[in-house]
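Per the numbering used here, the sequence shown starts with residue -7, numbered consecutively. Yeah, the Cβ is synthetic: ideal placement off N, Cα and C, and Gly gets one too. What follows is a single structure, written as structure tokens, with notes after it.
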Amino acid sequence: MKKSSVEFTKKNQSVTYLVFDISSMVLVGYFTLALKPLTVRGETVSNTVKKKLLRVSEWDELSDTYTMSAYLIAQLGKNFTNGADQKITGEELLALAWDKIKEIQYLGGGVVTFLEAENEEKLLSFYRNNRFSQFDTRQTASDAEESHELVQLLRLL
């Protein structure tokens, strides 16, 4: 968070929100939001989702893909220093991020939010329990580390 958040904010690529416990003024978590282009393959989502995507995307009939701008939850994390993580649940932190997305959506439109997560069942279960649905996977491409697979999940407003 420390390295990239400030740099990305200066470039207007994303905004990181810090979450503090009011009583102790301890940083308990953070989340980063961005607006990104997203392509969803039609074969990976239900007909109901396709209909909703069609309202806000460009549909390519040939490839059966839907391309749109979407809200990305780029980071979501708790502060594990000195037990600060005990002052907020993951659900509460995600709800704060979701509330901010709804506020932005009210001002600028859009209906799709997505995130990418490590392929770990506990993490994927957390997002599924919070109304996110898997729609694809993506291989990371980084010079600094070995590539690995991320699971892509979406939720409609």
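Given residue i as reference, the closest of the options once Cα atoms are compared
i, options, result
"Ile70", "Ser139, Leu45, Tyr9 and Val143", "Note on residue identity: the sequence assigns Lys, not Ile, to residue 70. The candidate whose alpha carbon is nearest that of Lys70 is Tyr9."
"Ser117", "Leu148, Val143, Val48 and Leu64", "Val143"
"Arg33", "Val48, Asp52, Leu25 and Met17", "Asp52"
"Val48", "Val11, Lys92, Glu112 and Val103", "Val103"
"Thr1", "Ala26, Ser16, Asp13 and Phe12", "Ala26"
"Leu68", "Val41, Glu112, Thr57 and Leu88", "Leu88"
"Glu112", "Leu30, Gln126 and Gly101", "Gln126"
"Glu84", "Leu146, Tyr119, Lys43 and Val37", "Tyr119"
"Tyr139", "Thr31, Thr129 and Lys43", "The sequence given here has Ser at residue 139, not Tyr. Minimum Cα distance to Ser139 is reached at Thr129."
"Ser61", "Leu30, Leu45, Arg147 and Ala109", "Leu30"
"Ile96", "Tyr63, Glu141, Thr57 and Asp56", "Tyr63"
"Trp90", "Asn122, Asp13 and Thr57", "Asn122"
Assigned exposure category for residue i - 16 Cβ within 10 Å defines buried
i, result
"Ile98", "The question names Ile, but residue 98 is Tyr in the sequence shown. The residue in question, Tyr98, is exposed, as its Cβ has fewer than 16 Cβ neighbours within 10 Å."
"Phe106", "buried"
"Met17", "exposed"
"Ala133", "exposed"
"Leu54", "exposed"
"Ala46", "Looking at the sequence itself, residue 46 is Leu, so the reference to Ala does not match. Looking at its Cβ environment, which holds fewer than 16 other Cβ atoms inside 10 Å, Leu46 is exposed."
"Phe72", "exposed"
DSSP-derived helix/strand/coil call for residue i
i, result
"Leu30", "strand"
"Asp77", "helix"
"Ala62", "strand"
"Val37", "coil"
"Asp91", "helix"
"Glu84", "helix"
"Glu53", "coil"
"Lys3", "coil"
Residue i beta carbon near the ligand FMN (any heavy atom closer than 7 Å)
i, result
"Pro29", "As for the ligand FMN, it is missing from this structure, which has no ligand bound."
Would you call the region 66 to 80 and the region 17 to 37 in contact, with 3 or more CB pairs under 8 Å? yes
Along the chain, which unbroken stretches of the alpha helix (DSSP H) at least 4 residues long are found entirely within the region 86 to 148? 113 to 121
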